[in-house]
Amino acid sequence: MFIKCYNSFADYSSQYKLSQDEFYIYCYLYTNRTYEEYVLTSIDLIHQTLNISFSNKESSNKKIIMNCLLNLKQKGIISFETDQFKNNTALYITFREIETTGFEGISYEKFRSFKNVTDCYIYFCVARYQKLNGFKASYNDWASVLGVSRKTAIEMIEDVCKRGIIYKEIGEYTDEEIRSNQKKQEKNRYYIQKVEQKEKDVAKQVTTSSKETVQIVQENDTTNTANEQEQREHNWYVKGSQLTANDFYIYLTTNDEKLKKQAEARINAISKNEKGKYIVESLMKEAQEKVKDEKRKAEQEMLKQMTNAVRLKNGDIVAVDEKNIDSIDVNEVDCIFYSYYEEHLEGYGEIEGFQTGNLIGGKFVYDDRPDMIQRGWELYIEHVKTGEMLTSDKIRSIKDTVVNEFFPTQENETVKVVAKKVENEYVKMAERAKREAEQKRKREVIDIAAIVAEEWEKEEKEQEQSEKERQERQSKLSAWLDEIDKKRKTYIVEDDDDLSFLDELD
1 MFIKCYNSFA DYSSQYKLSQ DEFYIYCYLY TNRTYEEYVL TSIDLIHQTL NISFSNKESS
61 NKKIIMNCLL NLKQKGIISF ETDQFKNNTA LYITFREIET TGFEGISYEK FRSFKNVTDC
121 YIYFCVARYQ KLNGFKASYN DWASVLGVSR KTAIEMIEDV CKRGIIYKEI GEYTDEEIRS
181 NQKKQEKNRY YIQKVEQKEK DVAKQVTTSS KETVQIVQEN DTTNTANEQE QREHNWYVKG
241 SQLTANDFYI YLTTNDEKLK KQAEARINAI SKNEKGKYIV ESLMKEAQEK VKDEKRKAEQ
301 EMLKQMTNAV RLKNGDIVAV DEKNIDSIDV NEVDCIFYSY YEEHLEGYGE IEGFQTGNLI
361 GGKFVYDDRP DMIQRGWELY IEHVKTGEML TSDKIRSIKD TVVNEFFPTQ ENETVKVVAK
421 KVENEYVKMA ERAKREAEQK RKREVIDIAA IVAEEWEKEE KEQEQSEKER QERQSKLSAW
481 LDEIDKKRKT YIVEDDDDLS FLDELD
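In structure tokens:
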């Protein structure tokens, strides 16, 4: 997937010219578009989810974001209803088609790799000329494009070239003299890929009219660069290297077609024997699990930003509200998302769950009742238009309504059983997910109970030890007293001794 970046965004003579901050916010919004090509967000949410910061101060950062949104709207690039809003105001943002020709496609992955807005903007300025033998520009040109002084432009360009964001080819000197003994130097050329070797006449210059040249620029600038060279480190090109699960992950997620072919060639070669085949399958499985896990996490984060949503049969998750729900075809819907605790969407139920069914061979099989599905969908649409988040209780209520409408006169036990089966099947997935959510809480309770039990056991042992020590002290005291008594009675009595005092002891 790639971001549609119009050439006019970097044309300082165009009404659509964007500043660095505005361009970055535009790209961010574009990567967060829904299936219906709109973004539901707020200043607070953008502030929390941006990969970079415009300012170290939170209030200043949010103010810059707000100004960028207003400027993008004023320039006719995006659209949303209100001009006055707070940081927590929900904004329904749509994208307008720009009346200009030529654009550059920047992949989502490439955009997310930039550490600051300047890197992102300069990369775009150069990328749109990559197919045309590079971007030819003087430092004065860069100053105009970036909206800074010539001195600052030089510092910025030298910095990005040093860090490999873009690459520079220094312009050659011509025979033309501009001052005494000083020849004119051609403008430098810039590329987004490193130029290993460039001969003087590496490309033939096409002599054409200015009109034809403009046409060529426009046609080439619409080329999608999603198939760009892979930037992440990997071992696919390293002969004899030991492949890892991360290499397979890169293979599964890259847009580099050359890399894919190289990886597939090595995979086929390794898989020729059983041991190699086992290693490939193990690493591939681990990489696939990582891809699935990232997808699940991304979906969870996406759902946290939505009030109501459905998953289509093609796998796309679509946020739905009163503006777009009527345009969704129920036949394209796979499942409906809902909330357990009215905090955010997390559970889901299949659209087929609006039908009745029967247990056959221990498996619940739905009846073929598209009319019940249609009615359930109509009731769901009514709920979405209230603006409230769908809850598990509400989805059960919709299900009950559908069953009652299609079985209005039957009050015998059979109908109740059917209705109960339908409810159980539709709620089953919800209960399963709910149990998973509760398990974490239970584990915390169990941990607390274990700590308490451990404390009780410790206290009981301490009491037992204390009692044992008391008994030992009592035993020693009794033994000592007995010894004293024996010594008293074994004194040798002499005839002339006066022992009358012993009578008092008795």
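Those letters in the sequence shown? Residues 1 to 506, per the UniProt record's numbering, in order.
Beta carbons are placed, not taken as given, at the ideal position from N, Cα and C, and that holds for glycine.
Keep in mind that this is a model prediction, so the values were computed, not measured.
Check: What number of angstroms, rounded off, separates the C-alpha of N255 from the C-alpha of Y108?; Outcome: 11 angstroms
Check: Please say whether D11 and K17 have beta carbons closer to each other than 8 angstroms?; Outcome: yes
Check: On the three-state DSSP scale, how would you describe D482?; Outcome: helix
Check: So is S339 buried or exposed if we call it buried at 16+ other beta carbons inside 10 Å?; Outcome: buried
Check: Straight-line CA distance for E413 to E378?; Outcome: With a pLDDT of only 43 at E413, under 50, the local geometry of the prediction cannot be trusted, and the value read off the model is given with reservation. Distance between the alpha carbons of E413 and E378 is about 28 angstroms.
Check: For E352 and K363, I'd like the C-alpha separation in whole angstroms.; Outcome: 15 angstroms
Check: Which ranges does the beta strand (DSSP E) cover as unbroken runs of at least 3 residues, wholly within the segment 269-344, from first to last along the chain?; Outcome: 309-312, 317-319 and 333-338
Check: For the alpha helix (DSSP H) that E104 lies in, which residues bound it at each end?; Outcome: No alpha helix (DSSP H) contains E104, which is instead part of the beta strand (DSSP E) from F103 to S107.
Check: By the 10 Å Cβ neighbour count, where 16 or more other Cβ atoms means buried, how is S475 classified, buried or exposed?; Outcome: exposed
Check: By DSSP's criteria, Q185 is part of a beta bridge. Which residues make up the other side?; Outcome: Y173
Check: Hey, could you find the ends of the alpha helix (DSSP H) F2 is sitting in?; Outcome: Segment F2 to Y6 is the beta strand (DSSP E) holding F2; no alpha helix (DSSP H) there.
Check: With a Cβ-Cβ cutoff of 8 angstroms, do Y190 and F135 count as a contact?; Outcome: yes
Check: Where does Q15 land, buried or exposed, given buried means 16+ other C-beta within 10 angstroms?; Outcome: exposed
Check: Under three-state DSSP, which class holds K57?; Outcome: coil
Check: Please identify the residue among C27, Y366, V145 and F354 whose C-alpha is closest to the C-alpha of T401.; Outcome: F354
Check: Just verifying my parser: in three-state terms, what is the DSSP assignment at G349?; Outcome: strand
Check: Would you mind giving the Cβ-Cβ distance between E332 and K313, rounded to the nearest angstrom? I have them listed as a contact below 8 angstroms.; Outcome: 6 angstroms
Check: In the DSSP assignment, what are the bridge partners of G357?; Outcome: Y366
Check: By Cβ distance below 8 angstroms, which residues in the same chain neighbour E36 in space, the five residues on each side in sequence not counted?; Outcome: V318, A319, N324 and S327
Check: Excluding sequence positions up to five away, which residues of its chain have a Cβ less than 6 angstroms from the Cβ of A263?; Outcome: W236 and Y251
Check: Tell me which same chain residues have a C-beta within less than 6 angstroms of the C-beta of E196, skipping the five on either side of it?; Outcome: With a pLDDT of 48 at E196, under the threshold of 50, the modelled position of this residue cannot be trusted; read the value that follows with caution. There are no such residues.
Check: First and last residue of the alpha helix (DSSP H) that includes K136?; Outcome: Premise fails: K136 lies in the beta strand (DSSP E), F135 to A137, not in any alpha helix (DSSP H).
Check: Within this structure, are the beta carbons of C68 and D119 separated by less than 8 angstroms?; Outcome: no
Check: Is the beta carbon of I166 less than 8 angstroms from the beta carbon of I192?; Outcome: yes
Check: Going by DSSP, name the residue or residues bridged to T253.; Outcome: Bridge partners of T253: none, in fact.
Check: Relative to the C-alpha of E388, which candidate in S59, K73 and E322 has its C-alpha closest?; Outcome: E322
Check: Between N56 and I46, what straight-line distance do the alpha-carbon atoms span, to the nearest angstrom?; Outcome: 15 angstroms
Check: Quick check: the Cα distance between F103 and P408, rounded to an integer number of angstroms?; Outcome: 59 angstroms
Check: With respect to the beta strand (DSSP E) encompassing L18, which residues constitute its N-terminal and C-terminal limits?; Outcome: No beta strand (DSSP E) contains L18, which DSSP labels as neither H nor E.
Check: Considering only the beta carbon of each residue, do I98 and Y24 sit closer than 8 angstroms?; Outcome: no
Check: Excluding the five sequence neighbours on either side, which residues of its own chain have a C-beta within less than 8 angstroms of the C-beta of I78, listed in chain order?; Outcome: Y26, L29, L69, L72, I93, T94, F95 and R96
Check: Per DSSP, what are the beta-bridge partners of I93 in this structure?; Outcome: V39
Check: Give a yes or no on whether the C-beta atoms belonging to A269 and N188 are separated by under 8 angstroms.; Outcome: no
Check: Are the CB atoms of G376 and K394 within a distance shorter than 8 angstroms?; Outcome: no
Check: Grab me the residues of T31's own chain with a C-beta within less than 6 angstroms of its C-beta, minus the 5 sequence neighbours each way, in chain order.; Outcome: Y108
Check: State yes or no: is the C-beta of Q305 within less than 8 angstroms of the C-beta of L40?; Outcome: yes
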